[in-house]
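S.K.: Below is the structure I would like to discuss, written out as C-alpha cells.
Chains as they are written, first to last, in our numbering: chain A, 311 to 567; chain B, 8 to 82.
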C-alpha cells in the first residue's frame with residue numbers, strides 16, 4: 311500500500327514544521343544570495359559567453375528562491391521572506407556568500423560546491439510526500455543540471471591554467487568545504503532525520519554526503535586539485551572530520567571559529 | 008586552457024516545433040563541448056525551443072563558397 315501524500319501544510323505533523331521551515335528558509339536564502347553573487351559577474355566574466363551564463367544562473371537562482379519563499383508563505387510559523395525585502399543580515403547563508411565572490415575562481419567554487427550541494431538536497435525532495443514541495447522541485451533540479459555542467463567545465467579549465475591557479479582554487483575550496491559538507495546534516499541527518507522518517511525527504515546526512523563525494527572526488531582528481539577527500543576501497547571518503555561542534559543546525563551554517 | 012578570446016566557435020541550431028527545419032540561430036565561443044551547451048542555452052533562450060544543438064564550426068564541411076580556398080581545403 312502506498313503512503314498517502316501530505317497535500318497541504320495542515321496535513322503535516324506539528325513536530326515536522328520547525329525542521330521543514332528551517333530547511334526551506336536556509337535553502338531559499340542561500341539560493342537568493344547565490345543569485346545576487348552570480349549577478350555581480352554579469353558584465354565582468356572572463357568572456358561575454360561566461361558573463362551571460364553567470365547572468366542566466368543568477369536568474370535561475372533568484373527564481374528558485376522566489377519559488378521556495380512561496381512555499382514558506384503556506385507554512386505556519388515560517389519567518390516572512392520576500393525577494394523584494396531581502397535583509398542580508400538576517401539571512402541564513404553560508405560564509406562564502408557573505409561577501410562578493412571576489413574572483414572568477416570564487417564564483418566557480420561556489421558553483422561547483424555550494425550550488426551543487428543545495429541541488430543534492432533538493433533532489434532528496436523529488437518524490438516528497440509533502441506535495442507542495444514535490445511540485446516545486448523538479449523544474450529547479452532540471453535547471454541545476456546546467457549549473458553543474460558549467461561549474462565542472464570551468465573548474466577543469468581553470469585548473470589547467472597552472473599551479474598558481476590550482477593553489478588558489480584549493481584555498482577557496484577549503485574555505486567553502488566545511489559549510490558545504492556539513493549542509494547535508496550530521497549522521498542520519500540531525501534535524502532533517504524526522505523529515506526522512508515522514509517521507510518529506512528521501513534521505514539526509516551521511517548518505518547524501520557520500521553521493522556528493524562520489525561526484526566531487528573524481529572531479530577533483532581530474533582537475534589535479536587537492537581537498538580533504540580521498541579514495542579508499544573504491545569510494546571517496548572524507549580525509550578530515552567535519553567541525554560538527556560549530557555546526558548551527560537551525561541556521562545550517564558553520565559558526566566562525 | 009586556451010587563451011580567452013581564442014576558443015573554438017560552435018554554431019547553434021534550434022527548432023521551435025516538430026516538423027520545422029532546424030535553423031541557425033547564432034554562435035558561441037567555448038573551450039569545450041560541455042560549456043558550449045551551457046552558453047548556447049544561456050544566450051539563445053529567447054524562444055521556447057523544442058530542440059537545440061551546437062556544432063563545432065570546424066566540423067562543418069564547405070560545399071560551395073565564394074571563398075574558394077575554404078572549399079579547396081576540403082577537396
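Backbone N, C-alpha and C define an ideal beta-carbon position, used for all residues, glycine too.
What does the Cβ neighbour count give for residue 490(A), buried or exposed, with the cut at 16 atoms within 10 Å?
M.R.: buried
S.K.: When you check each C-beta in the stretch 25-55 of chain B against every C-beta of chain A, which residues fall closer than 8 Å?
M.R.: Answer in chain order: 35, 36, 37, 38, 39, 41, 42, 44, 45, 46, 48, 49, 50, 52.
S.K.: Is it true that the stretch 447-461 of chain A meets the stretch 382-389 of chain A, where meeting means three or more beta-carbon pairs spaced less than 8 Å apart?
M.R.: no
S.K.: Tell me whether residue 31(B) sits in a helix, a strand or coil according to DSSP, three-state version.
M.R.: strand
S.K.: Using the Cβ count rule (16 or more neighbours within 10 Å means buried), how would you classify residue 21(B)?
M.R.: buried
S.K.: Hey, would you say residue 88(B) sits closer than 9 Å to residue 61(B), going by beta carbons?
M.R.: The structure shown has nothing for residue 88(B), since chain B only spans 8 to 82.
S.K.: Using CA coordinates, which residue listed in 352(A), 321(A), 529(A), 345(A) is at the minimum distance from residue 469(A)?
M.R.: 529(A)
S.K.: Out of curiosity, what's the CA-to-CA distance linking residue 555(A) and residue 561(A)?
M.R.: 14 Å
S.K.: Could you check how far apart the C-beta atoms of residue 461(A) and residue 425(A) are, in whole angstroms? I think they sit under 8 Å.
M.R.: 7 Å
S.K.: Compare the Cα-Cα distances from residue 333(A) to each of 567(A), 514(A), 373(A), 323(A) and report the closest residue.
M.R.: 514(A)
S.K.: How about residue 325(A) and residue 442(A): do their beta carbons lie closer than 9 Å?
M.R.: no
S.K.: Applying a beta-carbon distance threshold of less than 8 Å, which residues of chain B neighbour residue 482(A)?
M.R.: Those within 8 Å of residue 482(A) in chain B number zero; the least Cβ separation is about 17 Å.
S.K.: Three Cβ pairs or more, each shorter than 8 Å: is that satisfied between the stretch 347-367 of chain A and the stretch 530-547 of chain A?
M.R.: no
S.K.: Which chain B residues are close to residue 456(A), counting only those with a beta carbon under 9 Å from its beta carbon?
M.R.: 44, 45, 48, 49
S.K.: By the 9 Å beta-carbon criterion, what residues does the stretch 362-392 of chain A contribute toward chain B?
M.R.: 362, 363, 364, 365, 366, 367
S.K.: Determine the DSSP secondary structure at residue 51(B), reduced to helix, strand or coil.
M.R.: coil
S.K.: Is DSSP giving residue 336(A) helix, strand or coil here?
M.R.: helix
S.K.: So, helix, strand or coil for residue 63(B), using DSSP?
M.R.: strand
S.K.: Would you say residue 478(A) reaches chain B, if we count a Cβ-Cβ gap shorter than 9 Å as a contact?
M.R.: no
S.K.: Decide if residue 463(A) is buried, meaning its Cβ has at least 16 other Cβ atoms within 10 Å, or exposed.
M.R.: buried
S.K.: Among the residues of its own chain, which have a CB less than 8 Å from the CB of residue 486(A), if the five just before and after it don't count?
M.R.: 404, 405, 406, 419, 420, 423, 424
S.K.: Please classify residue 9(B): does DSSP put it in a helix, a strand, or coil?
M.R.: Legend: pLDDT at residue 9(B) = 49, less than 50; position of this residue unreliable, value from coordinates given subsequently. Residue 9(B) falls in the coil class under three-state DSSP.
S.K.: Taking only three categories from DSSP, how would you classify residue 56(B)?
M.R.: coil
S.K.: Mind reading off the beta-carbon distance from residue 482(A) to residue 415(A)? Whole number of angstroms is fine, and I expect it under 8 Å.
M.R.: 6 Å
S.K.: Between which residues of its own chain and residue 437(A) is the CB-CB distance below 8 Å, once the five residues before and five after are set aside?
M.R.: 444, 512
S.K.: Is the beta carbon of residue 408(A) less than 9 Å from the beta carbon of residue 495(A)?
M.R.: no
S.K.: Could you list which residues in chain B have their beta carbon closer than 7 Å to that of residue 350(A), in chain order?
M.R.: Residues of chain B passing the Cβ test: none, with the nearest at roughly 17 Å.
S.K.: With DSSP as the reference, please indicate the residues paired to residue 21(B) in a beta bridge.
M.R.: Among the bridge pairs identified by DSSP, residue 21(B) is matched with 30(B), 59(B).
S.K.: Going along the chain, which residues of its own chain have a beta-carbon closer than 6 Å to the beta-carbon of residue 36(B), five neighbours each way excluded?
M.R.: For residue 36(B), where only same-chain residues beyond five positions count, the Cβ hits under 6 Å are 14, 16.
S.K.: So which of 18(B), 32(B), 64(B), 49(B) has the shortest CA-CA distance to residue 368(A)?
M.R.: 49(B)
S.K.: From residue 401(A) to residue 392(A), what distance separates their C-alpha atoms?
M.R.: 11 Å
S.K.: Hey, does residue 451(A) have any beta-carbon neighbour from chain B nearer than 9 Å?
M.R.: no
S.K.: Could you tell me whether the Cβ of residue 426(A) comes closer than 9 Å to any Cβ of chain B?
M.R.: no
S.K.: Which one or two residues does DSSP pair with residue 558(A) in a beta bridge?
M.R.: 563(A)
S.K.: Determine the closest residue to residue 59(B) out of 74(B), 47(B), 76(B), with distance taken between C-alpha atoms.
M.R.: Considering only alpha carbons, the answer is 47(B).
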